[in-house]
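K.L.:
Okay, here's the structure, questions in a sec.
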Amino acid sequence: MKELFKSIAQRSSIFFGNIVNSKIFKYIISSLVLLAVSAYLLYHLFFSASDSIVTEVAYPVTDEITVSSDAYIMRNEYVIRSGETNTSAAYYYDDGTKIAKNACIASLYDDGGLAQGNTLIDINNNIDFLEKSNIDKTYMTSDTSNIDSKLTELYYNIRSGLENGNISGVLSNSDDMLTLLNRRMVITGEIDGFDDKIQLLETEREKYESSLGAVTTSIYSDRSGYFYSTCDGYESIFTADAALDMSYDDFIDFTLRSPEDAGSSVIGKIAYDYRWYLVCPVSKSDLKDFTEGRSYEIVFEANGNKRMSLKLVKTVSDTDGDGSLLVFESFDSPSEFSFARMQSVKIIKSSVSGIKVPIGALRVVDGEEGVYILYGSKVYFCTADIIAQNENYYIAAEPDPAKTPYGVLYVYDNIIVSGKDLYAGKVIN
């Protein structure tokens, strides 16, 4: 009997040993291990996904409610005429420059002398530019930080001007940038200065002055103001005086008139009155949102979206139709501002400030409107007083912490934008 059991044990050992060493056994064990790992991953993935949320910080926001208009600029302008023919003008001032009374605006040359006259003006401008580029010897290398800051500002101004078509502003900022770059090279010792170049230009100027033919006429301003070398023919139509007296029909008549022929004798114009008006055609329904005597911020899109505050001095309604006019007044003439006759503007009639709430985050819980927020690892429900909305988000009123310390949405809370099975008190793993 003992020998029988021993024989069975030996055969069993051989049998199971063969099974363990077989490929089928190894495949079964590997499959079981793989199933166990997959089940473990699926379990954690499922429960992790159930707690997965997306949050967004509740930042403060201000929305502006605007009215768009194709507006007209009206101001008092004096057209300068030379009375000369077969001559060309060499100008001493850039457009938009403030000039004094009796200033020499331009010199007139016959067609042969104009090129030399313009060359002489260019030489004078280059001398002025290099003189501005020179610096006092007391400047230190550390002053480059201030120059670099100004260069960065000018760079973004130039980019904005190019994007919005404000060419005069781009040119002015470019000149300022070149001046600062020259100053920076002097401060850092890259160059010694511009005295030698200035001296060469002065010598060249003397040569041109000695060979230049006689000036036919010099044009002087008979009043002070802002000089412009071009006219659009509407100087006697869209005047500042007319802005305060015109009816709606008068304004329509102004816009339908053809510009006056400037003629070959026109040298330019001077805006001699610091007062100017912006006339904005709007619908009659917009009038209820505006109050005479109040100032409004206006965005001038063609001037790099420049913002200016103008006072509403008059409203005009069409007696028969739906049209109306908003007449704004200003005494400010900023540099690099284009006074093109017609400009697209946006009038900011009001603004709303509060807390930005994503559209999908707003919920109603127990009859109260609000959002879920995540504080630490715990979910809370906070009410939100919605005061405005647009197509992208709501605006909630900012609460007073002294009056409503808990349970209300505050700035910089973490709003839960998406998540499953949310409720107050839930702990997010």
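Sequence positions in the sequence shown follow the numbering used here and run 127 to 555.
Even glycine gets a Cβ: it sits at the ideal position worked out from N, Cα and C.
Does Asp371 come out as helix, strand or coil in the three-state DSSP assignment?
P.N.:
The answer is helix: DSSP assigns Asp371 an H, G or I state.
K.L.:
Let me check understanding here. Comparing Cα to Cα, which of Leu288, Pro484, Ser300, Asn260 lies closest to Lys276?
P.N.:
Considering only alpha carbons, the answer is Ser300.
K.L.:
Expressed to the nearest angstrom, what Euclidean distance is found between the alpha-carbon atoms of Asp547 and Ser178?
P.N.:
Cα to Cα, the separation comes out at about 10 angstroms.
K.L.:
Does Ala550 come out as helix, strand or coil in the three-state DSSP assignment?
P.N.:
In this structure, Ala550 counts as coil in the three-state DSSP scheme.
K.L.:
Quick check on Asn272: buried or exposed, where buried means 16 or more other Cβ atoms within 10 Å of its Cβ?
P.N.:
The residue in question, Asn272, is exposed, as its Cβ has fewer than 16 Cβ neighbours within 10 Å.
K.L.:
Does the Cβ of Ala215 have 16 or more other Cβ atoms within 10 Å, making it buried, or fewer, making it exposed?
P.N.:
When all chains shown are included, Ala215 counts as buried.
K.L.:
Specify the secondary structure class of Ala229 as computed by DSSP and reduced to three states.
P.N.:
In this structure, Ala229 counts as coil in the three-state DSSP scheme.
K.L.:
Nearest CA to the CA of Gly533: which residue from Val543, Tyr520, Thr509, Glu517?
P.N.:
Taking only the C-alpha atoms, the option nearest Gly533 is Thr509.
K.L.:
Candidates Ser477, Phe507, Ser479: which alpha carbon is nearest Leu488's?
P.N.:
Looking at the Cα atoms, Phe507 is the closest of the given residues.
K.L.:
Return the first residue and the last residue of the beta strand (DSSP E) that Ile345 is part of.
P.N.:
Unbroken beta strand (DSSP E) run through Ile345: 343-346.
K.L.:
So within the region 415-446, which uninterrupted beta strand (DSSP E) runs reach at least 3 residues, ignoring any that extend past its ends?
P.N.:
The region 415-446 contains these whole beta strand (DSSP E) runs: 421-426, 432-443.
K.L.:
I'd like the list of long-range same chain contacts for Tyr354, defined as Cβ closer than 6 angstroms, with 5 residues on each side in sequence excluded.
P.N.:
The answer, listed in chain order, is Asp221, Gly394, Lys395.
K.L.:
How would you label Leu160, buried or exposed, when you count the other beta carbons within 10 angstroms and need 16 or more for buried?
P.N.:
The residue is exposed, with fewer than 16 neighbouring Cβ atoms inside 10 Å.
K.L.:
Given that a residue counts as buried once 16 or more other Cβ atoms are within 10 Å of its Cβ, and exposed if not, what is Tyr235?
P.N.:
Looking at its Cβ environment, which holds 16 or more other Cβ atoms inside 10 Å, Tyr235 is buried.
K.L.:
Check whether the region 318-335 touches the region 370-386, counting contact only when three or more Cβ pairs, one atom from each stretch, lie closer than 8 angstroms.
P.N.:
Too few Cβ pairs lie closer than 8 angstroms, so no.
K.L.:
With DSSP as the reference, identify every bridge partner of Thr509, one or two as the case may be.
P.N.:
Gly496, Val534.
K.L.:
How should Leu535 be labelled, buried or exposed, when 16 other C-beta atoms within 10 angstroms of its C-beta is the threshold for buried?
P.N.:
Under this definition Leu535 is a buried residue.
K.L.:
Return the CA-CA distance between Ile253 and Phe457, expressed in angstroms with no decimal places.
P.N.:
Answer to the nearest angstrom: the Cα atoms are 34 angstroms apart.
K.L.:
For Glu328 and Leu256, I'd like the C-alpha separation in whole angstroms.
P.N.:
For Glu328 and Leu256, the distance between alpha carbons rounds to 12 angstroms.
K.L.:
Going straight from the alpha carbon of Thr188 to that of Leu436, what length do you get?
P.N.:
Cα-Cα distance, rounded: 21 angstroms.
K.L.:
Output needed for Ile513: all residues of its chain with C-beta closer than 8 angstroms, excluding positions within five of it in sequence on either side, in chain order.
P.N.:
The residues are Val478, Gly480, Ile521, Ala522, Ala523.
K.L.:
Given this structure, state the Cα-to-Cα distance separating Ala428 from Ser195, to the nearest angstrom.
P.N.:
Cα-Cα distance, rounded: 13 angstroms.
K.L.:
Nearest CA to the CA of Thr417: which residue from Ser409, Glu361, Tyr204, Val439?
P.N.:
When each option's Cα is compared against that of Thr417, the closest is Val439.
K.L.:
Less than 8 angstroms between the CB atoms is what I'm expecting for Ser409 and Asp448, so what's the real figure, rounded?
P.N.:
With a Cβ gap of about 6 angstroms, Ser409 and Asp448 count as contacting.
K.L.:
Specify the secondary structure class of Tyr218 as computed by DSSP and reduced to three states.
P.N.:
The answer is coil: DSSP assigns Tyr218 none of H, G, I, E or B.
K.L.:
Between Gly545, Ile541, Ala550, which has its C-alpha nearest Pro186's C-alpha?
P.N.:
Cα-wise, what sits closest to Pro186 is Ile541.
K.L.:
Would you kindly check if the distance between the Cβ of Leu288 and the Cβ of Val296 is under 7 angstroms?
P.N.:
Taking 7 angstroms as the Cβ cut-off, Val296 and Leu288 qualify as a contacting pair.
K.L.:
With Ser362 as the anchor, note down where its beta strand (DSSP E) starts and where it stops.
P.N.:
Premise fails: Ser362 is in no beta strand (DSSP E) and is neither H nor E.
K.L.:
Nearest to Asp415 by CA position, among Val543, Ser450, Tyr400, Thr381, is which residue?
P.N.:
If we check each option's Cα against that of Asp415, Ser450 comes out closest.
K.L.:
What first and last residue would you give for the beta strand (DSSP E) that runs through Thr314?
P.N.:
No beta strand (DSSP E) contains Thr314, which DSSP labels as neither H nor E.
K.L.:
Have a look at Pro525 and Glu495 and give me their C-alpha separation to the nearest angstrom.
P.N.:
C-alpha separation (whole angstroms): 15 angstroms.
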